[in-house]
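To convert a position in the sequence shown, counted from 1, into my numbering, add 5.
Even glycine gets a Cβ: it sits at the ideal position worked out from N, Cα and C.
Written below as structure tokens is the structure these notes are about.
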Amino acid sequence: MWKRFAIFAGMALLAAGCGGGRKTKIVSVDGSSTVYPITEAVAEEFQKDNPGIKVTVGISGTGGGFKKFCRGETDVNNASRPIKASEIEMCRKNGIEFYELPIAYDAITVVVNPDNTWVDHLTLEELRKIWAPESQGKITKWSQIRDGWPDEELHLYGPGVDSGTFDYFTTVVIGKEGASRGDYTSSEDDNVLVQGVASDKYALGYFGLAYYLENKDKLKAVPIDAGSGPVMPTVENVVSGKYVPLSRPLFIYVSKKSYETKPHVKRFVDYYLTHVKDLVRDVGYVELPDEAYELARRRLKEEKTGSIFSGRSKAGMKITDLLKLEGER
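Here is the structure:
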């Protein structure tokens, strides 16, 4: 259901003119395609109980979404990474105060085609070798990654540069945010990446866990060895802290002005924090402990704006680390 991205704000606004003369109220959300399935699931349930409110959810990527959010064009931004210092400054210049609300955990999943019989795992070093900027035009065959692998072309698929997944992956794998080879098929829509890998025996790609679980009959997840042996990207391994460093928190960022001045936005955000835990695992992610959602609700009540990260990445953060930061806020 959440795989279909065709109905966005345009159709919602068209529908707003209908309904017996009563204007439909709009909650505008944009940002991460990784967080999209969660927000869309919440929005669908919310709209069943609130027929006079329409939630529109776009997928311009975390960075693309923040550009709109910090200009005051949206009420909520889905984010697969913490807000950057430059984005905080953009919001400040435009008078946009915001609430940062963690809502789930994800495992960035490296995938290959099911017909790929030679890859049983990848090390972090091999991932660096594949994706490093200096590998562009040089590491072009599977045989160059590991001895014994076929002398066939390597076809890469990954998120675009506006994606929070791209930012996080390059930080923890390459060691520098945004450092990546550019000769790969990129898209802000993870379904495009799924289709690319699923149709190509010699392809490799990466994206959020939910998109793998939704398409696991078409894809093969690759265990990652960060130094303690290969670990599969599973809910259990994220909760236990074993799947590092490719586990990461997911967020929604809420405009304080929208939350305070638009009752329908407040109703949606409050509903989100109350019900998201029940929906997170259904769409393939990891729910946070009850304490995390309670801390988020308290932040709204006490009007605590800003970011606990202060624009700094916390790559490889476990759930327990996130809770500690939230509790110290």
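Run of the beta strand (DSSP E) containing residue i, from where it starts to where it stops
i, result
"E105", "103-112"
"N83", "81-84"
"G336", "Past the boundaries of the shown model lies residue 336; the chain is included only from 6 to 334, so the question cannot be answered."
"T190", "190-192"
Beta-bridge pairing of residue i - partner residues as DSSP gives them
i, result
"K30", "I58"
"Y211", "V115"
"V236", "I229"
"G311", "Y104"
Boundaries of the alpha helix (DSSP H) in which residue i is found, first to last residue
i, result
"T170", "169-174"
"L214", "214-219"
"V285", "268-285"
"R97", "90-98"
Coarse secondary structure for residue i, derived from DSSP in three states
i, result
"P254", "strand"
"L336", "Residue 336 is absent from the model: the chain starts at 6 and stops at 334."
"K206", "coil"
"S37", "coil"
"T145", "coil"
"S340", "Given that the chain is displayed from residue 6 to residue 334, the structure contains no residue 340 and the question cannot be resolved."
"T128", "strand"
"G68", "helix"
"Y298", "helix"
"S185", "coil"
"I135", "helix"
"R303", "helix"
"V249", "coil"
"K323", "coil"
Rounded separation between residue i and residue j - CA only
i, j, result
"T44", "N83", "8 Å"
"G15", "G57", "At G15 the pLDDT is 43, less than 50, meaning the model places this residue with poor confidence; the figure from the coordinates comes in the next sentence. If I take the Cα positions, the gap works out to 17 Å."
"T325", "A215", "22 Å"
"E130", "R303", "41 Å"
"G163", "T79", "26 Å"
"D125", "P228", "7 Å"
"C96", "G153", "51 Å"
"A208", "L159", "6 Å"
"G26", "E182", "Only weak support exists for where G26 lies, its pLDDT of 48 falling under 50; the value from the coordinates is given anyway. Going by the C-alpha atoms only, they are around 49 Å apart."
"K323", "V199", "27 Å"
"E307", "A203", "47 Å"
"K28", "G70", "26 Å"
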